[in-house]
Amino acid sequence: MRKTFQGVNVNVQQLAQSLAEWFRLKGYISQYYGYGNSYIVQAKKEGLLRHLFAADRAFTVKIIGYPNYLDVDIGVANWVKAEDVTEALIGDLILGPLGLLIEGGEGLWNLEIEHETMKEIERLIKSGLVNMNIQQPYYMPQQQYYVPTQQFKVCPNCRFQNPPYARFCSNCGTQLS
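Its first residue numbered 1, the sequence shown is counted upward by one per residue in this note's numbering.
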């Protein structure tokens, strides 16, 4: 299941963390990894049947966010080990359909979990709990300085502009009044 949200500014790390915690509260083992604007959240159940049939498979939510845009993809992927996590792995992770997790009646249950997960993501976004505050650049108003127009003593002989404190013309040496 894939969904694109437009017009939202989401803190992707905070969304991944909240989603991992939501899975934990539902009794799953969960983890999340990410780099920059891409995160994955994984969740799996422990148990004998899981161990025998789908030990390395996990519900996986891939989240990619940009300003005013969020892409969420839910599916199944191998459980990622921390030492294998790279930015390329997260970006290129291909998710299979949830039906691959376990055949039969549990496949329907997995689809229900998929819909619940998407509803939780929508709830988190709408609640504002994972929104990123886009800060406008702060501009410091330029302080205005009053620079008085400088008065000069003009030499009567050569018309050279001398500093106001000068007694003699810097150009020709004539005494200034």
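The beta carbon of each residue, even a glycine, is placed where N, CA and C say it ideally should be.
Name the residue from the options whose alpha carbon lies nearest to the alpha carbon of residue i.
i, options, result
"N78", "L176, L129, D56", "D56"
"Y165", "P156, Y66, Q151", "Q151"
"E46", "E120, R24, C158, G34", "R24"
"S30", "A58, N171, V8", "A58"
"N9", "K153, L124, P67, V41", "P67"
"E116", "V154, S127, W22, C172", "W22"
"S18", "V41, C155, G27", "V41"
Along the beta strand (DSSP E) that carries residue i, what are the first and last residues, could you check?
i, result
"A43", "38 to 44"
"Q57", "First, the residue type needs correcting, since residue 57 is Arg and not Gln in the sequence shown. Note, R57: beta strand (DSSP E), 57 to 66."
"Q6", "2 to 6"
"Y69", "69 to 78"
"Y33", "29 to 35"
Between the C-alpha atoms of residue i and residue j, what's the straight-line distance to the nearest angstrom?
i, j, result
"L129", "E112", "24 Å"
"N37", "D73", "14 Å"
"A43", "A20", "7 Å"
"Y35", "L70", "15 Å"
"V76", "Q6", "24 Å"
"F168", "R159", "12 Å"
"M1", "E114", "7 Å"
"N131", "V80", "27 Å"
"E103", "Q14", "Only weak support exists for where E103 lies, its pLDDT of 48 falling under 50; the coordinates are left without a value."
"K3", "I121", "10 Å"
"L124", "Y28", "19 Å"
"S127", "T60", "23 Å"
"V12", "K26", "21 Å"
"F53", "G65", "Here F53 scores only 49 on pLDDT, less than 50, and its place in the model should not be relied on; the value that follows carries that caveat. Using only the alpha carbons, I get a separation of about 33 Å."
"S170", "S177", "14 Å"
"N119", "A16", "Note on residue identity: the sequence assigns Lys, not Asn, to residue 119. Their backbone Cα atoms lie some 14 Å apart in a straight line."
Along the chain, where does the alpha helix (DSSP H) containing residue i start, and where does it finish?
i, result
"A20", "12 to 25"
Report, in whole angstroms, the separation of the C-beta atoms of residue i and residue j, which I expect to be a contact under 8 Å.
i, j, result
"I63", "Y39", "5 Å"
"N162", "C172", "Rounded, the Cβ-Cβ distance is 10 Å, inconsistent with contact."
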